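Our numbering applies: residue 18 is where the sequence shown begins, and numbers increase by one.
Comments concern the structure below.
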Amino acid sequence: METFKNIVLATDLSSTASERALSVARKICNTENQRLTLLHIVSKGLNNPPISKDLIKSEHDEMLGKLERIRSDFSCQCDICLLDGEIAKTITDYVNESDAELLIVGHKDHSNYERIFFHAGSDEETFLKEGHCPVLFC
Numbered sequence: 018m019e020t021f022k023n024i025v026l027a028t029d030l031s032s033t034a035s036e037r038a039l040s041v042a043r044k045i046c047n048t049e050n051q052r053l054t055l056l057h058i059v060s061k062g063l064n065n066p067p068i069s070k071d072l073i074k075s076e077h078d079e080m081l082g083k084l085e086r087i088r089s090d091f092s093c094q095c096d097i098c099l100l101d102g103e104i105a106k107t108i109t110d111y112v113n114e115s116d117a118e119l120l121i122v123g124h125k126d127h128s129n130y131e132r133i134f135f136h137a138g139s140d141e142e143t144f145l146k147e148g149h150c151p152v153l154f155c
């Protein structure tokens with residue numbers, strides 16, 4: 018059976034859903050000829066107040082440290098990517114530009130109906146409609 022060779026794990030580094038996605042990624046990405054990219058998006062929401070450059074650098078360094086610790090758990094080639102932007106669009110753009118073969122995403126706990134049929138305008142819908150690879154929701 019052929020394995021995925023170029024995988025992206027989009028993580029917020031804090032939720033239970035991200036932990037589930039990370040666990041699945043560990044099971045899938047277990048050979049040296051696979052590449053996993055740990056992708057974290059720093060959201061630029063409309064309601065975010067302006068913050069100082071020192072605080073931004075501090076938060077960036079903290080996220081980078083967490084991603085470095087996660088990377089050490091993998092036996093495959095593991096890259097880190099930390100980007101700013103709107104979450105769904107930035108993830109989808111990155112996945113499409115990197116020619117990823119699989120996107121792994123943690124999915125927040127919703128009703129069974131929402132797990133099957135994502136509501137219009139959701140991040141999940143964006144990944145499915147605009148992404149060029151399969152998406153595994155965990």
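For each residue, glycine too, the CB sits at the ideal point set by N, CA and C.
Nothing here was measured: the structure is a model prediction, and the numbers come from that model.
Among residues of its own chain, excluding the 5 on either side of residue 30, which ones have a beta-carbon nearer than 7 angstroms to its beta-carbon?
-> So the list reads 57, 80, 83, once near-sequence residues are dropped.
Distance between residue 147 and residue 51 (C-alpha atoms, nearest Å) = Roughly 24 angstroms between the two C-alpha positions.
In whole angstroms, what is the alpha-carbon distance linking residue 36 and residue 49?
-> It is roughly 22 angstroms from the alpha-carbon of residue 36 to the alpha-carbon of residue 49.
Please go through the same chain and pick out, in chain order, the residues whose beta-carbon is closer than 6 angstroms to the beta-carbon of residue 42, but skip the five residues on each side of it.
-> Excluding the 5 residues flanking it on each side, residue 42 has same chain C-beta neighbours closer than 6 angstroms at 26, 121, in chain order.
Can you tell which of 152, 91, 100 has its C-alpha closest to the C-alpha of residue 47?
-> Checking every option, the nearest Cα to that of residue 47 belongs to 91.
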